[in-house]
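Chemist: There's a structure below that I have some questions on.
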Amino acid sequence: MTEEERKFQARVDANEKIEPKDWMPDDYRATLIRQIGQHAHSEIVGQLPEGNWITRAPTLERKAILLAKVQDEAGHGLYLYCAAETLGVSRDELTEDLLSGKMKYSSIFNYPTLTWADIGAVGWLVDGAAIMNQVPLQRTSFGPYSRAMIRICKEESFHQRQGYDIMMKMARGTEAQKRMAQDAINRLWYPSLMMFGPSDKESVHSGQSMAWRIKINTNDELRQKFVDQTVPQAEYLGLTIPDENLKWNEERGHYDFSEPDWKEFFDVLKGNGPCNTDRLTARQEAWSDGKWVRDAMLAHARKKAAAKVAAE
Amino acid sequence: MTEEERKFQARVDANEKIEPKDWMPDDYRATLIRQIGQHAHSEIVGQLPEGNWITRAPTLERKAILLAKVQDEAGHGLYLYCAAETLGVSRDELTEDLLSGKMKYSSIFNYPTLTWADIGAVGWLVDGAAIMNQVPLQRTSFGPYSRAMIRICKEESFHQRQGYDIMMKMARGTEAQKRMAQDAINRLWYPSLMMFGPSDKESVHSGQSMAWRIKINTNDELRQKFVDQTVPQAEYLGLTIPDENLKWNEERGHYDFSEPDWKEFFDVLKGNGPCNTDRLTARQEAWSDGKWVRDAMLAHARKKAAAKVAAE
Amino acid sequence: MTRDEALFEFCLRMGDSTLVLGHRVSEWCGHAPVLEEDIALANTALDLIGQTQLWLGLAGEVEGKGRDADQLAFLRDAWDFRNLLLTEVPNGDFGRTLMRQFLFDAWHSVYLARLLKSSDKRIADIAEKASKEVAYHLERSADTVVALGDGTEESHQRMEAALAYLWPYVGEMFAGDAVDAAMAEAGIAPDPAGLREEYDALVGRVLAEATLEMPESRFAHKGGRNGAMHTEHLGHILTQMQWLQRAYPGASW
Amino acid sequence: MTRDEALFEFCLRMGDSTLVLGHRVSEWCGHAPVLEEDIALANTALDLIGQTQLWLGLAGEVEGKGRDADQLAFLRDAWDFRNLLLTEVPNGDFGRTLMRQFLFDAWHSVYLARLLKSSDKRIADIAEKASKEVAYHLERSADTVVALGDGTEESHQRMEAALAYLWPYVGEMFAGDAVDAAMAEAGIAPDPAGLREEYDALVGRVLAEATLEMPESRFAHKGGRNGAMHTEHLGHILTQMQWLQRAYPGASW
Chain S
1 MTEEERKFQA RVDANEKIEP KDWMPDDYRA TLIRQIGQHA HSEIVGQLPE
51 GNWITRAPTL ERKAILLAKV QDEAGHGLYL YCAAETLGVS RDELTEDLLS
101 GKMKYSSIFN YPTLTWADIG AVGWLVDGAA IMNQVPLQRT SFGPYSRAMI
151 RICKEESFHQ RQGYDIMMKM ARGTEAQKRM AQDAINRLWY PSLMMFGPSD
201 KESVHSGQSM AWRIKINTND ELRQKFVDQT VPQAEYLGLT IPDENLKWNE
251 ERGHYDFSEP DWKEFFDVLK GNGPCNTDRL TARQEAWSDG KWVRDAMLAH
301 ARKKAAAKVA AE
Chain U
1 MTEEERKFQA RVDANEKIEP KDWMPDDYRA TLIRQIGQHA HSEIVGQLPE
51 GNWITRAPTL ERKAILLAKV QDEAGHGLYL YCAAETLGVS RDELTEDLLS
101 GKMKYSSIFN YPTLTWADIG AVGWLVDGAA IMNQVPLQRT SFGPYSRAMI
151 RICKEESFHQ RQGYDIMMKM ARGTEAQKRM AQDAINRLWY PSLMMFGPSD
201 KESVHSGQSM AWRIKINTND ELRQKFVDQT VPQAEYLGLT IPDENLKWNE
251 ERGHYDFSEP DWKEFFDVLK GNGPCNTDRL TARQEAWSDG KWVRDAMLAH
301 ARKKAAAKVA AE
Chain G
1 MTRDEALFEF CLRMGDSTLV LGHRVSEWCG HAPVLEEDIA LANTALDLIG
51 QTQLWLGLAG EVEGKGRDAD QLAFLRDAWD FRNLLLTEVP NGDFGRTLMR
101 QFLFDAWHSV YLARLLKSSD KRIADIAEKA SKEVAYHLER SADTVVALGD
151 GTEESHQRME AALAYLWPYV GEMFAGDAVD AAMAEAGIAP DPAGLREEYD
201 ALVGRVLAEA TLEMPESRFA HKGGRNGAMH TEHLGHILTQ MQWLQRAYPG
251 ASW
Chain B
1 MTRDEALFEF CLRMGDSTLV LGHRVSEWCG HAPVLEEDIA LANTALDLIG
51 QTQLWLGLAG EVEGKGRDAD QLAFLRDAWD FRNLLLTEVP NGDFGRTLMR
101 QFLFDAWHSV YLARLLKSSD KRIADIAEKA SKEVAYHLER SADTVVALGD
151 GTEESHQRME AALAYLWPYV GEMFAGDAVD AAMAEAGIAP DPAGLREEYD
201 ALVGRVLAEA TLEMPESRFA HKGGRNGAMH TEHLGHILTQ MQWLQRAYPG
251 ASW
């Protein structure tokens, strides 16, 4: 370790925030760009499965709530791109990397939203899992990232409550609604567990990330915490978690549960999820169809700036 | 009149059919190209308002019937383009003239189909009016046109019965269905009357067309015939024709009725109907989006022909 | 037509227009050219749906048959809708969507300003809440129309085409009828014909800055505000919008 | 699962696939690149809807709960559909539509040929009627795939892209499950896995003539035939398809 590296690590260990202008190891910067960028992309792509139901929301109130949620998510994307930009990468570069497939987004968004209950389940399970990941990151070592996380967590927990509220309505609703709610949890339970990533035992990078406080807990810890929190919620709803092995382990003080199918996880990562093609195509088309707009806005801003200079 | 013209007129007067290779006056040819071309275009554009409900047809049987009908209409378009081609104009030229707005199609298709009852009303009233126009044209002087008309009329009367059958179901159905049926006739009655064109008194061309047997009856005759035929049908359905002045005139042996709003007719002709832009845009896009297909089919046909020649 | 019948129609006209335009705008979700526009479009749609709740809520109250805003939004077929035709035409490209928004916002802001002084306090209250939101919508859509009109050659052409396509739907905003006359007489809402001049001045100013020529034609498609003849597009919107309420009648969500 | 339960599922798989594909194909109405194609597409859709009436009619008969073909088509939500995912993906350009048609027709013709010998006469009868129609569909779609694959450079690229997009949906046709096993055991329908070789040979021959390379990947999207996971597209199809039956329950048309 060089002197600089030692000092850097000491600051991290002392829970000091690293700011953009501070010295930082190249790998710290690169890892953060990847992590924050992926998170930003997830917010953006995450608009699509929910957007799929905005035009079909069942009441005006639900439509308004969903619109507000999707708007928040785009906002989160914006904070996160800004945080990433402080590390010396532009939003456009990150976008190009998303569109070319070089950078990933959370694989959960490669699953479809097939019924209105999925909108509830996405709020409850997917946002629930996201929060589980994000809450500790409020204490991450990189200042802009930490501050973005604080804002985001506040809104996400609101979203999660709204999702749970949708599930509640359906679980207490007609037979068809109950069936819809159960079908949603059947499809989304394991993909939600996958959101924490494979066991850290298999990951080489986790140790370094944890030393840098870019990662605070292991994937397995978070997954366990998610299961422990979610099972009683499902019971309260009267819904069944699709796992025969799920049961309370008195000794451990945790629920035992089945691992998701990691082969499916890697398949989805590779691009073979149910919606990978549709999601990426939607974003690519938004970007290429919108080029003339971005060009025009830039051209107009330049004209205005030139006119201002000329007038002065 | 030249000798040729006199001979030509004598043949027409003797009810002989004029065939493509026969001598004919330039104006006869030009008028026929315009008339047959417009008729062909109407069949093509006429697919759109009905196509609008294929994906929403209420039963499998109705969907099948509507598909068959739209297929028939495309087929009629095909016969008619072929008849026009015998006069020395190509289908592609006619299509380009349609897409550039140089040639017209029946203005009725610039009205929207807003409910399922409109599909019934289109069959009953619009096809009804079309048949009224077309039946006499089976005896038109130009052979290919006359033969096309014979085939077309057979199918059209079938369509009209199907349309009437839809109206019957609705008029005998629920309150909402009855209301839908009445709403359809309210909107489509006057546009149907317009299909016969303004009174011939105002047209300079009609006399010549009638002498050439390109036109057999006056517009007013056909309109009267249509009204006389349709009123009892509406009564049988228990629907009200939206015309306060409509009443049986014992003396004339015909119904008296109100003229449609001819200002609206000319507005629609000028391009200001409710759907002119949508209809023409749909056809233009079909044509331009399909260019690569037509090019490829041509290229492939050439390759195959070349391979055949090489093999021989 | 009683005064309450006219008032019911008036509320539907307001609420259906915001509902249908809100629906169209929300179709952009996740597909906008820049992230900031995704946010702005979602925000606009959200405001419009919020206004819909107020207008259709009041409509139900006035009607007095126990129908609430959701029942009015989700259980009427196309012919019972009273939205401006402008709000139901397809989005087209981003330029057309923003031009439509601007043409609507300009009318909306002018109209709401008069409704602030409505003799019916319920309407004045809705107008007060809505007009703040709409002032912001108008500022944004006008700025965007200017930027795209006066941007590149391509964007200028696209905005010209958007304006040409949409202009025939503007006249309907100012075509008064018996409902409007009843509202004007009761001091509830202004005679729409009287607003055209102010509208033209506002729109003309922005279009000029956008280097776009204001069309001269006064030809107007009509039939949305009175339900006489919608476009074919509305029915397709409703198949989506009303799906759940139609497929699962009586369920609560 | 009783034999009749399996038979019901089998009939739904057949009828839902023809229904959904018929719907997709009918979306082309009035928009095809040449008039002859407009006619051919309408004809294909018509045949598919006719087959749907037979399959769903039989499904209702087997189920024995008094549901007829229309009730099955228009009153089930997405999760109860059993169509191949291939049939519900969007049309894309004309090339993708025809490639999808070809990939489906090839399976359909191979499968129906076996159903001709079904131990259930009702099924053999439907297969006999359908297989004549499908032979014609296959001839047409194969010819078109060849012409467009071996046409211009642009058309070749488009057909390559269409094949790449659609290929992951082919595998589902040959993934047997308990329903298929029950049908095979009863001699009603073949084990789908056993048809892959014949399919690959047929498709390979046409693709070769079309100068297109048959993809090697065996990755397959699944979930349509057993209803476990459709695409997001099916729900949108149903909002249209079922609109009238949902909006006016109990009416007859």
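Chains as they are written, first to last, in the working numbering: chain S, 1 to 312; chain U, 1 to 312; chain G, 1 to 253; chain B, 1 to 253. Even for Gly, the Cβ is constructed at its ideal location relative to N, Cα and C.
Cβ of Ala129 (chain S) within 9 Å of Cβ of Ala181 (chain S)?
Modeler: Counting from 1 along the first sequence, the entry for residue 129 (chain S) is found at position 129. Counting from 1 along the first sequence, the entry for residue 181 (chain S) is found at position 181. For Ala129 (chain S) and Ala181 (chain S), no; Cβs fall outside 9 Å.
Chemist: List in chain order: all unbroken alpha helix (DSSP H) runs of 4+ residues lying wholly within the stretch 21–91 of chain S.
Modeler: 26–45, 47–54, 60–85
Chemist: Suppose you measure from the CA of Gly95 (chain G) to the CA of Ser146 (chain S); what does that come to, to the nearest Å?
Modeler: The count along the third sequence starts at 1 and reaches residue 95 (chain G) at position 95. The count along the first sequence starts at 1 and reaches residue 146 (chain S) at position 146. In this structure, the alpha-carbon of Gly95 (chain G) lies about 37 Å from that of Ser146 (chain S).
Chemist: Going by DSSP, what residue range makes up the beta strand (DSSP E) through Tyr255 (chain U)?
Modeler: In the second sequence, residue 255 (chain U) corresponds to position 255, counting from 1. Looking at the DSSP string, the run of the beta strand (DSSP E) that includes Tyr255 (chain U) is 254–256.
Chemist: How far does the alpha helix (DSSP H) with Asn276 (chain S) in it reach, from first residue to last?
Modeler: Taking the first residue of the first sequence as position 1, residue 276 (chain S) is located at position 276. First-last of the alpha helix (DSSP H) with Asn276 (chain S): 276–289.
Chemist: Identify the contact partners of Met297 (chain S) in chain G, using a Cβ-Cβ distance below 9 Å as the criterion.
Modeler: The residue labelled residue 297 (chain S) in the question sits at position 297 within the first sequence. Per Cβ cutoff of 9 Å: Pro33, Val34, Thr144, Ala147, Leu148, Gly151, Ser155.
Chemist: Nearest by alpha-carbon distance to Leu222 (chain S): which of S:Leu87, S:Gln9, S:Pro136, S:His300 is it?
Modeler: Your numbering for residue 222 (chain S) matches position 222 in the first sequence. Leu222 (chain S) has its Cα closest to that of S:Pro136, out of S:Leu87, S:Gln9, S:Pro136, S:His300.
Chemist: What distance in whole Å lies between the Cβ atoms of Tyr169 (chain G) and Val110 (chain G), which are believed to be in contact at a cut-off of 8 Å?
Modeler: For the purposes of this step, residue 110 (chain G) is identified with residue 110 of the third sequence, where counting begins at 1. For the purposes of this step, residue 169 (chain G) is identified with residue 169 of the third sequence, where counting begins at 1. Going by Cβ atoms, the distance from Val110 (chain G) to Tyr169 (chain G) rounds to 16 Å, so no, they are not a contact pair.
Chemist: Can you find a C-beta in chain G that's less than 9 Å from the C-beta of Ala14 (chain U)?
Modeler: Residue mapping note: residue 14 (chain U) aligns to position 14 of the second sequence, counting from 1. No, no contact with chain G.
Chemist: Buried or exposed: which applies to Lys304 (chain U), given that a residue is buried once 16 or more other Cβ atoms fall within 10 Å of its Cβ?
Modeler: Along the second sequence, read from residue 1 onward, the residue named residue 304 (chain U) stands at position 304. Lys304 (chain U) should be labelled exposed.
Chemist: Three or more beta-carbon pairs under 8 Å between the stretch 81–90 of chain B and the stretch 232–239 of chain B, yes or no?
Modeler: yes
Chemist: Any beta carbon of chain B sitting closer than 9 Å to that of Trp107 (chain G)?
Modeler: For the purposes of this step, residue 107 (chain G) is taken as the residue at position 107 of the third sequence. Chain B contact via Cβ: absent.
Chemist: Contact between the stretch 106–113 of chain U and the stretch 275–283 of chain U is defined here as three or more beta-carbon pairs at a separation below 8 Å; is this criterion met?
Modeler: Between the stretch 106–113 of chain U and the stretch 275–283 of chain U there are three or more inter-stretch CB-CB distances shorter than 8 Å, so the stretches are counted as touching.
Chemist: With 16 other CB atoms within 10 Å as the buried threshold, where does Leu60 (chain S) fall?
Modeler: Taking the first residue of the first sequence as 1, we reach residue 60 (chain S) at position 60. Counting Cβ neighbours within 10 Å, Leu60 (chain S) comes out buried, since at least 16 surround it.
Chemist: On a CA-only basis, which of B:Asn43, B:Arg218, B:Thr239 is nearest His137 (chain B)? Give me that one, please.
Modeler: Taking the first residue of the fourth sequence as 1, we reach residue 137 (chain B) at position 137. Nearest of B:Asn43, B:Arg218, B:Thr239 to His137 (chain B), Cα basis: B:Asn43.
Chemist: With C-beta atoms as the reference, is Ala296 (chain S) less than 9 Å away from Leu148 (chain G)?
Modeler: The residue you call residue 296 (chain S) lines up with position 296 of the first sequence. The residue you call residue 148 (chain G) lines up with position 148 of the third sequence. Closer than 9 Å, so yes.
Chemist: Using C-beta distances below 8 Å, list every residue in its chain close to Lys69 (chain U), excluding the 5 sequence neighbours before and after it, in chain order.
Modeler: Taking the second sequence and counting its residues from 1, one reaches residue 69 (chain U) at position 69. Taken in chain order, the residues that qualify are Glu50, Gly123, His159, Gln162.
Chemist: Ordered along the chain, which non-local residues of its own chain (more than five positions away) have a Cβ less than 6 Å from that of Leu66 (chain S)?
Modeler: Along the first sequence, read from residue 1 onward, the residue named residue 66 (chain S) stands at position 66. So the qualifying residues of the chain are Ile54, Ala57.
Chemist: Please classify Phe10 (chain B) as buried or exposed, where buried requires at least 16 neighbouring CB atoms within 10 angstroms.
Modeler: The residue given as residue 10 (chain B) occupies position 10 in the fourth sequence. Flag for Phe10 (chain B) reads buried.
Chemist: Under a Cβ-count criterion, where at least 16 other Cβ atoms within 10 Å of its own Cβ denotes burial, should Phe219 (chain B) be classed as buried or exposed?
Modeler: The count along the fourth sequence starts at 1 and reaches residue 219 (chain B) at position 219. So Phe219 (chain B) ends up on the exposed side.
Chemist: Ends of the beta strand (DSSP E) at Lys247 (chain U)?
Modeler: The residue you call residue 247 (chain U) lines up with position 247 of the second sequence. Looking at the DSSP string, the run of the beta strand (DSSP E) that includes Lys247 (chain U) is 247–249.
Chemist: Where do the ends of the alpha helix (DSSP H) carrying Phe109 (chain S) lie?
Modeler: Along the first sequence, read from residue 1 onward, the residue named residue 109 (chain S) stands at position 109. Phe109 (chain S) -> no alpha helix (DSSP H), and no H or E assigned at all.
Chemist: Run down chain U in chain order and give the residues with a C-beta less than 8 Å from the C-beta of Glu232 (chain G).
Modeler: Position 232 of the third sequence, counting from 1, holds the residue named residue 232 (chain G). Here the neighbours are Pro49, Asn52, Pro112, Thr113, Leu114, Cys275, Asp278.
Chemist: Taking a Cβ distance cut-off of 8 Å, strictly less, list which residues of the stretch 58–74 of chain S are near chain G, in chain order.
Modeler: Pro58, Thr59, Leu60, Glu61, Arg62, Lys63, Ala64, Leu67, Ala68, Val70, Gln71, Ala74
Chemist: Our contact map puts Arg172 (chain S) next to Met229 (chain B) with C-beta atoms below 8 Å; I'd like the distance itself, whole angstroms only.
Modeler: Within the first sequence, numbered from 1, the residue matching residue 172 (chain S) stands at position 172. Within the fourth sequence, numbered from 1, the residue matching residue 229 (chain B) stands at position 229. With a Cβ gap of about 26 Å, Arg172 (chain S) and Met229 (chain B) do not count as contacting.
Chemist: Taking only beta-carbon atoms, is Asp38 (chain B) less than 9 Å away from chain U?
Modeler: To locate residue 38 (chain B), count along the fourth sequence from 1; it is residue 38. Chain U contact via Cβ: present.
Chemist: With respect to the alpha helix (DSSP H) encompassing Ala228 (chain G), which residues constitute its N-terminal and C-terminal limits?
Modeler: Locating residue 228 (chain G) in the third sequence gives position 228, counting from the first residue. Premise fails: Ala228 (chain G) is in no alpha helix (DSSP H) and is neither H nor E.
Chemist: Rounded to the nearest angstrom, what separates Met24 (chain U) and Glu5 (chain U) at their Cα positions?
Modeler: As a working mapping, residue 24 (chain U) is identified with position 24 in the second sequence. As a working mapping, residue 5 (chain U) is identified with position 5 in the second sequence. Between Met24 (chain U) and Glu5 (chain U), the C-alpha separation is close to 8 Å.
Chemist: Give the secondary structure of Phe219 (chain B) by DSSP, where H, G and I count as helix, E and B as strand, and everything else as coil.
Modeler: By 1-based counting over the fourth sequence, the position of residue 219 (chain B) is 219. DSSP places Phe219 (chain B) in coil when its eight states are reduced to three.
Chemist: Can you name the residues that DSSP bridges to Phe142 (chain S)?
Modeler: Position 142 of the first sequence, counted from the first residue, corresponds to residue 142 (chain S). Within the DSSP bridge table, the entry for Phe142 (chain S) names S:Ile18 as partners.
Chemist: Could you tell me the boundaries of the alpha helix (DSSP H) in which Ile49 (chain B) lies?
Modeler: As a working mapping, residue 49 (chain B) is identified with position 49 in the fourth sequence. Run containing Ile49 (chain B): 35–63, per the alpha helix (DSSP H) assignment.
Chemist: Closer than 7 Å, Cβ to Cβ, to anything on chain S: give me those residues from the stretch 219–247 of chain G, in chain order.
Modeler: Hits within the stretch, in order: Gln240, Met241, Trp243, Leu244, Gln245.
Chemist: Taking the CB atoms as reference points, tell me whether Val203 (chain G) and Leu103 (chain G) lie closer together than 9 Å.
Modeler: Within the third sequence, the letter at position 203 stands for residue 203 (chain G). Within the third sequence, the letter at position 103 stands for residue 103 (chain G). Taking a C-beta distance under 9 Å as the contact criterion, Val203 (chain G) and Leu103 (chain G) qualify as a contact pair.
Chemist: Could you check the C-alpha separation between Asp105 (chain B) and Phe174 (chain G) for me, to the nearest Å?
Modeler: Within the fourth sequence, the letter at position 105 stands for residue 105 (chain B). Within the third sequence, the letter at position 174 stands for residue 174 (chain G). In a straight line, the C-alpha of Asp105 (chain B) is about 55 Å away from that of Phe174 (chain G).
Chemist: Would you say the stretch 148–157 of chain S touches the stretch 210–219 of chain S, given that touching needs at least three Cβ pairs under 8 Å?
Modeler: no
Chemist: According to DSSP, is Met180 (chain S) part of a helix, a strand, or is it coil?
Modeler: Position 180 of the first sequence, counted from the start, is the residue given in the question as residue 180 (chain S). DSSP places Met180 (chain S) in helix when its eight states are reduced to three.
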